[in-house]
């Protein structure tokens, strides 16, 4: 490892990250954001939602590492140092956790779990009949690592799974659609729509009224990607209009979701606190240390982000 | 088809069954339980919870058909005509529905869905961290068609799945245990225990305090088999003692679960109204008609029950 590593994370976890990365990278000074003795000595920045422009003070920065699978929180910085490579965290753990979450939420929507929960709370024995999974169309938007794994798992359980991505993919058991041309047919088949897209200028606000109108009437949506994918102002009107019947949101534009946000008061909207694929910090720190070692050793980097695509 | 068919089902569905079976079995008179002009003409009885002793009035009965996968409601009759074969309904639909239900409930318990639901109801953004599925032991009691399918689906999602059955089974990706000798090791591995056993005198009340004590402390149980498997008086004390943390019950000794039953008031007990594998009546009627045709044609009968085993 060449030079110091600076870390920007929430205050509550900062000391844990300093200690953990120090233990994983012996000999490399790990500096917290507000305690960098020599900015010129910093060669790597490990960041979660750093202050825009803040990375420019490190004149010899060689690499930026996102604490997470998403890098939208990095590229949102208009003063990002030009030409510095960005790494993210991927890995089997994140894929596994997302697969669990998506399968869980799709099954709950498919089996109308909210109706069963309402009946149980009211002490009522009220049966709900649902079609077999094979007659339930599920659409996965975004067929990267997470989306492909979720689509395969749902197909394995017997659902009629459709997938959509920018460029065409092939996944066994999944009907794959691609690009603008394929979006209409994809949406028309998606009684349950799951968003697992990367957040880019092209996908920002993609879950909006115009899209909801192309789904089967009364469809349900699951957003397990980024809050920025949802045009939040369009959601409650779409539920009121019957375009959608339910929404499950693991993410929001502002997190934690503010106390006065209208989503909290709407029982048709289920909210989980960004736990679909929470990185276990131990695993994340290990992956970051390994990635930095590989970077400075000049090895192959599967977690390198393509800045043109933004993921 | 030789002779008349008598049907015993709940009053609300009786006429539907008469019409549907009549359409499926042209030329065969379909009689409702209380409207049989000539009991001696009846050769087949299609029943759900018939009155004990009630089948003895049909002197020429050749076959009894259970409306469902379980036949405990048939064999509970001490005056069942001796030597008359019993058929049940099995089929891909039932297996598929049970697989969906078990995977859903196991994922919800694994990801601590009840804590997330409590936080959401309280408008609180409260993260819950859970281990990966690979570090979660799930035990499936009963490895018949339904149990084997559920075990395989859970293993496919990455869970550490254990199975238990009377005689040893082999299922890829599942650690199989058998008989009394294997029960202790099976239970010790089951953080989430799913009961899919047939109800027989040997399995009646098997989910009792002695069994709960052999599970990892704070385990969760899912009973998707029969109400008779659970020693109901043992459940709330086991939750109070911390032996169990949660229970999901799709079945009860008396169904619908009576309004004054203490399970309704206990938030640690989730109750679903026997919908895990609800037979779609269209599918069930088709299966019954086909089975009766096969029976009277002397063909092979995969749905024939072994009365010695009781399933």
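Residue numbers (this note's numbering), protein chains in the order written: chain A, 102 to 412; chain B, 102 to 412.
Every residue gets a Cβ at the ideal spot worked out from N, C-alpha and C, and that includes glycine.
Run the CB neighbour count on residue i, radius 10 Å, all protein chains shown included, and call it buried at 16 or more, exposed below.
i: residue 378 (chain B); result: buried
i: residue 407 (chain A); result: exposed
i: residue 355 (chain B); result: exposed
i: residue 303 (chain A); result: exposed
i: residue 342 (chain B); result: exposed
i: residue 402 (chain B); result: exposed
i: residue 338 (chain B); result: exposed
i: residue 361 (chain B); result: exposed
i: residue 169 (chain A); result: buried
i: residue 311 (chain B); result: exposed
i: residue 177 (chain B); result: exposed
I need the boundaries of the alpha helix (DSSP H) containing residue i, first residue and last residue.
i: residue 123 (chain A); result: 112-125
i: residue 207 (chain A); result: 193-211
i: residue 255 (chain A); result: 246-257
i: residue 387 (chain A); result: 382-397
i: residue 222 (chain B); result: 214-222
i: residue 107 (chain A); result: From DSSP, residue 107 (chain A) is part of no alpha helix (DSSP H) but of the beta strand (DSSP E) over 105-109.
i: residue 312 (chain B); result: 310-313
Closer than 7 Å by beta-carbon distance: list the chain A residues that pair up with residue i, in chain order.
i: residue 371 (chain B); result: 221
i: residue 357 (chain B); result: 226
Any heavy atom of the ligand NAP closer than 7 Å to the beta-carbon of residue i?
i: residue 264 (chain B); result: The model on display carries no ligand, and the ligand NAP is accordingly not part of it.
So with CB distances below 9 Å, who are the chain B contacts of residue i?
i: residue 234 (chain A); result: 197, 198, 200 and 201
So residue i contacts chain A; which residues on that side make the cut at Cβ distance below 8 Å?
i: residue 360 (chain B); result: 224
i: residue 354 (chain B); result: Here the premise fails: no neighbours, minimum Cβ distance about 13 Å.
i: residue 118 (chain B); result: Within 8 Å Cβ-Cβ: nothing; residue 118 (chain B) doesn't reach chain A, min ~16 Å.
i: residue 230 (chain B); result: 376, 379 and 381
i: residue 217 (chain B); result: 373, 374 and 376
If the cut is a Cβ gap below 8 Å, which residues of chain B does residue i touch?
i: residue 227 (chain A); result: 374
i: residue 94 (chain A); result: With chain A covering 102 to 412 only, the question about residue 94 (chain A) has no answer from this structure.
i: residue 254 (chain A); result: 257 and 258
i: residue 114 (chain A); result: Simply none; closest approach about 12 Å.
Just confirm the distance between the C-beta atoms of residue i and residue j, as a whole number of angstroms; I'd bet it's less than 8 Å.
i: residue 309 (chain B); j: residue 351 (chain B); result: Their Cβ separation, rounded to whole angstroms, is 18 Å, which puts residue 309 (chain B) and residue 351 (chain B) out of contact at 8 Å.
i: residue 243 (chain A); j: residue 156 (chain A); result: Going by Cβ atoms, the distance from residue 243 (chain A) to residue 156 (chain A) rounds to 28 Å, so no, they are not a contact pair.
i: residue 277 (chain B); j: residue 270 (chain B); result: 5 Å
i: residue 190 (chain B); j: residue 175 (chain B); result: In fact, because the Cβ distance is near 12 Å, the residues do not count as touching under 8 Å.
i: residue 143 (chain A); j: residue 105 (chain A); result: 5 Å
i: residue 284 (chain B); j: residue 313 (chain B); result: Contact flag wrong, Cβ pair sits at about 13 Å.
i: residue 340 (chain A); j: residue 320 (chain A); result: Actually they are not in contact, since the Cβ atoms of residue 340 (chain A) and residue 320 (chain A) sit about 11 Å apart, beyond 8 Å.
Cutting at 8 Å between CB atoms, please list the residues of its own chain near residue i, excluding the five before and the five after it.
i: residue 381 (chain B); result: 194
i: residue 289 (chain B); result: 315, 316 and 317
i: residue 233 (chain A); result: 259
i: residue 204 (chain B); result: 251, 254, 255 and 258
Tell me which same chain residues have a C-beta within less than 6 Å of the C-beta of residue i, skipping the five on either side of it?
i: residue 118 (chain B); result: 108 and 110
i: residue 250 (chain A); result: 196 and 200
i: residue 274 (chain B); result: 256
i: residue 248 (chain A); result: 241 and 297
i: residue 373 (chain A); result: 351
i: residue 224 (chain B); result: none
i: residue 141 (chain B); result: 160 and 161
i: residue 220 (chain A); result: 227
Starting from residue i and walking both ways along the beta strand (DSSP E), at which residues does that stretch end?
i: residue 294 (chain A); result: 293-296
i: residue 324 (chain B); result: 320-324
i: residue 264 (chain A); result: 261-266
i: residue 240 (chain B); result: 238-242
i: residue 345 (chain B); result: 345-350
i: residue 358 (chain B); result: Counting along the chain, residue 358 (chain B) falls outside any beta strand (DSSP E), and DSSP gives it neither H nor E.
i: residue 145 (chain A); result: 143-148
i: residue 330 (chain A); result: Careful: residue 330 (chain A) lies outside any beta strand (DSSP E) and carries neither H nor E.
i: residue 278 (chain B); result: 276-279
i: residue 133 (chain B); result: 131-133
i: residue 175 (chain B); result: Segment 173-176 is the alpha helix (DSSP H) holding residue 175 (chain B); no beta strand (DSSP E) there.
i: residue 166 (chain B); result: 164-167
i: residue 370 (chain B); result: 370-372
Just to make sure I have the definition right: I need the residues of chain B whose C-beta is within less than 7 Å of the C-beta of residue i. Which are they?
i: residue 283 (chain A); result: Those within 7 Å of residue 283 (chain A) in chain B number zero; the least Cβ separation is about 28 Å.
i: residue 365 (chain A); result: 224
Taking 7 Å as the limit between beta carbons, can you name the residues of its chain near residue i, skipping five residues before and five after?
i: residue 238 (chain B); result: 261, 263, 290, 291 and 292
i: residue 125 (chain A); result: 386, 387 and 390
i: residue 324 (chain A); result: 296, 308, 330, 331, 350, 351 and 352
i: residue 215 (chain A); result: 347
i: residue 357 (chain A); result: 374
i: residue 327 (chain B); result: 171, 173, 300 and 352
Can you name the residues of chain A whose CB is closer than 9 Å to the CB of residue i?
i: residue 347 (chain B); result: What residue 347 (chain B) touches in chain A: nothing, since even the nearest Cβ is about 13 Å away.
i: residue 209 (chain B); result: 205, 208, 209 and 214
Handout entry: Contact set between the stretch 123-153 of chain B and chain C, restricted to residues whose Cβ is under 9 Å from the partner
Key = Considering every chain present, this structure includes no chain C. Its protein chains are A and B.
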